[in-house]
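Residue numbers (this note's numbering), protein chains in the order written: chain A, 2 to 478; chain B, 363 to 584.
Note that CB positions come from ideal geometry on N, CA and C, so glycine has one too.
This one's a predicted model, so the numbers in the text were calculated from it and none came from an experiment.
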């Protein structure tokens, strides 16, 4: 019994780890999709692959091993940039290799050498490692940032048709200093330079943290929120160590479309995994023109509030005021209260009158009542999506589970069975609110999301990133 | 007291009937045409309203019990006419055809002008939506002060409960199909106290106001 309980606790606690499966990697590349799978490549030939972005396994090593690769998909090619020191640092070179697929089982899996695209001679103020490749969405030009603590983070232009350097003789642009693992992204008229500050490769003693500056031009200058140029050591914090996860580094943008963005990183030490360096994926939020690291949803009991209406999702049953109906006349006057704390209302207190079968959900003003509290629990062994597992959403203290119906509406079932329409994907959106989507909707191939329709009802509909209808808040009840 | 001559009693009844049908409401008028269109925001402005019936309670169970009690024959099927009468608990109640000047139907104005109670009462409302073609994936969207239950072509599609004010699109049905031709929309609105009103429209698949139909108070077959 003791061991059984321990096993349950271990199972429950395992879902709090960063991702699931085999995650050990250092300096992961940007996560890219190829034929339905997600791939990332790390230092020393390490590679991870996933079918869903939640559970990862070891992948096939690249033919060219080295330091901190980065990868980009352009046209029918996957270009990988991988660096290696030539003797002692800071003499180094970034090589490019390319393949038409990342899937080793494909007949098209064949790597071609593309040559050196950037280098450092060991004397200049640069260490040509840690490449980060960036396609400018405004004009289609391709750029490579690189560099480490010896001198500058530098920028050179690549040819998007070949992945090679446009002109080997062009002088690189100096962008930043005292950092490494740089990468770039574009958002709403700004170029953002992400770079990792702090010390690497020291396990739980690593000071790695990811910082950002922005510029109107791809060539900089990149200033942080205080106006300090990254070439003078500036950088606004995007994410640092937190909880039992130490030393985040190597930002990689994972744009899922519809305004849903996430980023990959590695932790120098996951204390729950013996201090291993592991992959993670976090939501990428935006506030006042700056990227902000979001959080994947944690298990818990919540009130689920519509951003559009301010009302909360509830089981459509007649509510009982918390503490019972108001007594009149009340000693001390009608606004005096009882003088003691009113205990929480849970389902066991009020559910005797609830119908035993299916009940529809609806929305109502939040009153802290039992039918308004939902327990969100990760469901093991059913897969997930980038950053998170699928969740069960059930009325707290019961097994009454929210589910999608065949007509793209909602129902609360009397018991959870684990069917796909009872599993929920919960993605944090750029403003910090959440999109809640069923894993599947019976008889529908469209991706649908929980949507407020009117003030008092919810349904499923296609996600509209411009609307508040499908934005939800998870609040502590 | 001396009894009135028979013809005098008839005159009084006739005068009372005229008074009932010529009552002046601040926001309601008598329909002047056979059909109307929804307003610019899709709200249905033409309704048949029954004088209020005394009821108690706004909670889910009390409202469900109140609206499913049979007060008069054909309660869930009849399409009444202006000035039709029903008897509820031995009291004669009259149906009134009205157009509202606003997006909402002010039941307080309606009942108050008739010198009827406005608190702890149930109002029945009926209208007919005439569609030129079948319209699928639409939703009935209503607001009411206070609780209300709604039916489309005999199917209960919305119930909202408790003490609440009218908010546009407060209660919204699941997706439904309006058939070509007449579709009967029926509502029971229960007020606890104070102001009372409702509004109703249909939303299309994109949650935009549905238009392209007409509203009448009798079935129109084209």
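- Cβ contact annotation for residue 434 (chain A) (same chain, cutoff 7 Å, sequence separation greater than five): 308, 472, 473 and 474, in chain order.
- Looking at A:447, A:62, A:197 and A:184, the one whose alpha-carbon comes closest to that of residue 43 (chain A) is A:62.
- The Cβ of residue 511 (chain B) sits no closer than 8 Å to any Cβ of chain A.
- About 7 Å separates the CB atoms of residue 278 (chain A) and residue 26 (chain A); that is less than 8 Å, so the two are in contact.
- Judged by DSSP in its simplified three-state form, residue 352 (chain A) adopts helix.
- With respect to the C-alpha of residue 403 (chain B), the residue from B:565, B:581 and B:577 having the closest C-alpha is B:565.
- Residue pairing from DSSP places residue 243 (chain A) in a beta bridge opposite A:246.
- With fewer than 16 other CB atoms across the displayed protein chains lying within 10 angstroms of its CB, residue 341 (chain A) is exposed.
- The Cβ atoms of residue 491 (chain B) and residue 411 (chain B) lie no closer than 8 Å to each other.
- Boundaries of the alpha helix (DSSP H) around residue 422 (chain B): 422-430.
- Taken through DSSP and simplified to helix, strand or coil, residue 400 (chain B) comes out as coil.
- Residues are counted here when their Cβ sits less than 8 Å from a Cβ of chain A; for the stretch 389-421 of chain B these are 421, given in chain order.
- Around the beta carbon of residue 535 (chain B), 16 or more other beta carbons lie within 10 angstroms, which makes this residue buried.
- With respect to residue 505 (chain B), residue 560 (chain B) sits close: the two C-beta atoms are nearer than 8 Å.
- Ranked by Cα distance from residue 38 (chain A), the first of A:54, A:398, A:31 and A:48 is A:54.
- In the DSSP assignment, residue 263 (chain A) forms a beta bridge with A:255 and A:284.
- Annotation: residue 456 (chain B) to residue 434 (chain B) spans about 12 Å, alpha carbon to alpha carbon.
- For the set B:444, B:438, B:529 and B:537, the Cα lying nearest the Cα of residue 365 (chain A) is the one of B:529.
- In the DSSP assignment, residue 518 (chain B) forms a beta bridge with B:513.
- Taking 7 Å as the upper bound on Cβ-Cβ separation, chain B lies near residues 408 and 410 of the stretch 401-417 of chain A.
- In the three-state scheme derived from DSSP, where H, G and I count as helix and E and B as strand, residue 562 (chain B) is classed as strand.
- DSSP places residue 443 (chain B) in no beta strand (DSSP E); its state is neither H nor E.
- Between residue 148 (chain A) and residue 128 (chain A) the beta-carbon gap is near 6 Å, inside 8 Å, which marks them as a contact.
- Between the C-alpha atoms of residue 503 (chain B) and residue 489 (chain B) there is a straight-line separation of about 15 Å.
- One alpha carbon belongs to residue 578 (chain B), the other to residue 544 (chain B), and they sit about 9 Å apart.
- In the DSSP assignment, residue 150 (chain A) forms no beta bridge with any residue.
- Chain B has a Cβ within less than 8 Å of the Cβ of residue 455 (chain A).
- As a beta-bridge residue in DSSP terms, residue 188 (chain A) pairs with A:191.
- Contact between residue 60 (chain A) and residue 40 (chain A) holds, since their C-beta atoms are separated by about 6 Å, short of 8 Å.
- Counted as a single uninterrupted DSSP element, the alpha helix (DSSP H) harbouring residue 470 (chain B) occupies residues 469-475.
- Sequence-distant Cβ neighbours of residue 427 (chain B) in its own chain, meaning closer than 7 Å and more than five residues away, do not exist here.
- At a cut-off of 8 Å between C-beta atoms, residue 422 (chain A) does not count as an interface residue with respect to chain B.
- If the five residues before and after residue 571 (chain B) are omitted, its C-beta is found closer than 6 Å to the C-beta atoms of 403, 404 and 563, all from its own chain and listed in chain order.
- Around residue 486 (chain B), the same chain offers 412 and 550 as residues with beta carbons nearer than 7 Å, after the five sequence neighbours per side are excluded.
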